[in-house]
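In the order they appear, the protein sequences are chains C and D.
When we follow the numbering used here, the leftmost residue of the first sequence carries the number 1, and every step to the right adds one.
When we follow the numbering used here, the leftmost residue of the second sequence carries the number 149, and every step to the right adds one.
There are 2 protein chains.
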Amino acid sequence: MPSRLAKSLLFSTPAECEQAFYEAMANADGEAMAELWLDDEDVCCVHPASPRFLGIEAVRASFATVMSNGPLLITPTVKRAIEAAGLAIHNVVEEVVVDDGNAQRVLHVVATNAYLKTPAGWKMVLHHASPAPDGGVGETEATHGTLH
Amino acid sequence: MPSRLAKSLLFSTPAECEQAFYEAMANADGEAMAELWLDDEDVCCVHPASPRFLGIEAVRASFATVMSNGPLLITPTVKRAIEAAGLAIHNVVEEVVVDDGNAQRVLHVVATNAYLKTPAGWKMVLHHASPAPDGGVGETEATHGTLH
Numbered sequence: 001m002p003s004r005l006a007k008s009l010l011f012s013t014p015a016e017c018e019q020a021f022y023e024a025m026a027n028a029d030g031e032a033m034a035e036l037w038l039d040d041e042d043v044c045c046v047h048p049a050s051p052r053f054l055g056i057e058a059v060r061a062s063f064a065t066v067m068s069n070g071p072l073l074i075t076p077t078v079k080r081a082i083e084a085a086g087l088a089i090h091n092v093v094e095e096v097v098v099d100d101g102n103a104q105r106v107l108h109v110v111a112t113n114a115y116l117k118t119p120a121g122w123k124m125v126l127h128h129a130s131p132a133p134d135g136g137v138g139e140t141e142a143t144h145g146t147l148h
Numbered sequence: 149m150p151s152r153l154a155k156s157l158l159f160s161t162p163a164e165c166e167q168a169f170y171e172a173m174a175n176a177d178g179e180a181m182a183e184l185w186l187d188d189e190d191v192c193c194v195h196p197a198s199p200r201f202l203g204i205e206a207v208r209a210s211f212a213t214v215m216s217n218g219p220l221l222i223t224p225t226v227k228r229a230i231e232a233a234g235l236a237i238h239n240v241v242e243e244v245v246v247d248d249g250n251a252q253r254v255l256h257v258v259a260t261n262a263y264l265k266t267p268a269g270w271k272m273v274l275h276h277a278s279p280a281p282d283g284g285v286g287e288t289e290a291t292h293g294t295l296h
């Protein structure tokens with residue numbers, strides 16, 4: 001019963017919470033996903049090309065929808081972190097494995113994840129994901145091709 | 149000399165830094181924009197459909213490119229904030245005025261902005277912007293149409 005075990009875990013670092021986030025996606029485990037978010041009306045989630053979801057109920061429902069098609073194998077890479085006491089922001093490039101039935105390919109998504117320290121350990125408070133252009137990893141030092 | 153004045157200002161709140169960010173865009177003021185970011189290699193910026201820019205030099209150059217076409221009138225709305233001592237995360241819906249020469253229209257962009265408290269006041273450390281679907285404001289309580 002991984003979900004029940006997960007419920008009793010306290011994440012002692014933002015990285016542990018982030019690992020649990022991607023494990024929940026990989027297991028399509030809605031209960032674990034729901035549990036690792038802060039239960040608060042100010043949490044926020046943006047999936048690629050999705051509307052913005054505000055508040056824990058909308059966020060949980062959005063992940064239930066996202067994971068209703070099954071597990072999502074996502075590897076966060078090229079991490080950058082900005083942290084202060086009690087709040088951490090990670091920006092990652094997600095490698096998302098997509099299986100079209102015949103073959104697997106990897107899409108790239110840029111994601112900002114944020115974690116807040118609570119008495120119950122670190123909890124996720126924000127996930128903002130958007131497709132990287134041309135399916136590639138962002139050119140981290142590039143100065144061209146931008147459009148606000 | 150607004151830019152020189154801006155350089156000497158300390159932003160005493162994240163909101164002041166955010167206001168300066170959108171004013172710099174509205175004035176196409178690259179110097180003010182450069183100054184309000186934290187001078188650090190871990191700052192991060194994602195413009196809509198752009199690669200990810202990491203580090204202050206790449207971020208500043210990206211805004212120089214973005215603003216090279218002139219002022220960008222952007223109004224942040226429907227703000228949500230998550231704050232802890234020394235670090236603040238804002239998520240907003242940006243109303244971006246686009247002028248195609250004949251008429252003006254408003255596009256919607258979802259943006260996550262983050263600010264860090266420093267001895268020199270609050271500084272911007274992250275801007276992650278992505279288009280809202282169908283040009284509309286995100287349906288904040290919607291549970292459909294998501295795709296991770």
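Where a beta carbon is used, it is the ideal one built from N, C-alpha and C, also for glycine.
| Looking only at DSSP bridge pairs, what is Q252(D) linked to? | Paired residue(s): D247(D).
| request: Please name the residues in the stretch 204-215 of chain D whose beta-carbon is closer than 7 Å to at least one beta-carbon of chain C, in chain order. | output: Cβ contacts with chain C come from A206, A209, S210, T213, V214.
| query | For the alpha helix (DSSP H) that F169(D) lies in, which residues bound it at each end? | reply | That run of the alpha helix (DSSP H) goes 162-175.
| field | Whole runs of the beta strand (DSSP E) within the stretch 173-238 of chain D, excluding any shorter than 3 residues | value | Counting only runs of 3 or more, we get 192-194, 200-202, 222-232.
| Nearest-angstrom Cα separation, counted from N102(C) out to C192(D) | One C-alpha to the other measures close to 36 Å.
| request: Output the distance between the C-alpha atoms of T146(C) and E231(D), rounded to the nearest integer angstrom. | output: Low local confidence applies: a pLDDT of 35 at T146(C) is under 50, so the model's placement there is unreliable, and no value is given.
| task | Give a yes or no on whether 8 Å exceeds the smallest Cβ distance from S12(C) to chain D. | result | Taking Cβ atoms only, chain D never reaches closer than 8 Å to S12(C), which makes this a no.
| task | Determine the DSSP secondary structure at P131(C), reduced to helix, strand or coil. | result | For P131(C), the three-state secondary structure derived from DSSP is strand.
| request: Would you grab the beta carbon distance between S278(D) and P219(D) for me? Rounded to a whole angstrom, and I think it's under 8 Å. | output: That pair is no contact at about 22 Å.
| task | Quick one: using the 10 Å Cβ neighbour count with 16 as the cut-off for buried, is D99(C) buried or exposed? | result | With fewer than 16 Cβ atoms within 10 Å of its Cβ, D99(C) is classed as exposed.
| task | Take A132(C) as the anchor and find which of E183(D), R253(D), A172(D), R200(D) has the nearest alpha-carbon. | result | Between A132(C) and the set E183(D), R253(D), A172(D), R200(D), the nearest pair of CA atoms involves R200(D).
| In its own chain, which residues sit with a C-beta less than 6 Å from the C-beta of M181(D), not counting the 5 before and 5 after it? | Within the same chain, M181(D) has close Cβ partners A172, F211.
| task | Give me the Cα-Cα distance between V214(D) and L107(C), rounded to the nearest whole angstrom. | result | So the two alpha carbons sit approximately 26 Å from each other.
| Looking at L184(D) and K271(D), is the spacing between their C-beta atoms short of 8 Å? | Contact flag set, yes.
| Using a beta-carbon distance below 8 Å, is R105(C) in contact with chain D? | So no, R105(C) is outside the interface.
| request: Please check if any C-beta of chain C sits within less than 8 Å of the C-beta of E287(D). | output: Note that E287(D) has pLDDT 45, beneath the 50 cutoff, so the model's placement of it is unreliable and the number below is only indicative. Yes - at least one Cβ of chain C is within 8 Å of the one on E287(D).
| said: Given a cut-off of 8 Å on the beta-carbon distance, is the pair T260(D) and E243(D) in contact? | reply: It is not a contact, given that the beta carbons lie outside the stated cut-off.
| field | Buried/exposed call for P162(D), threshold 16 Cβ in 10 Å | value | Buried, because 16 or more other Cβ atoms sit within 10 Å of the Cβ of P162(D).
| 8 Å Cβ cutoff met for V240(D) and V46(C) | No, these two residues do not count as a Cβ contact at 8 Å.
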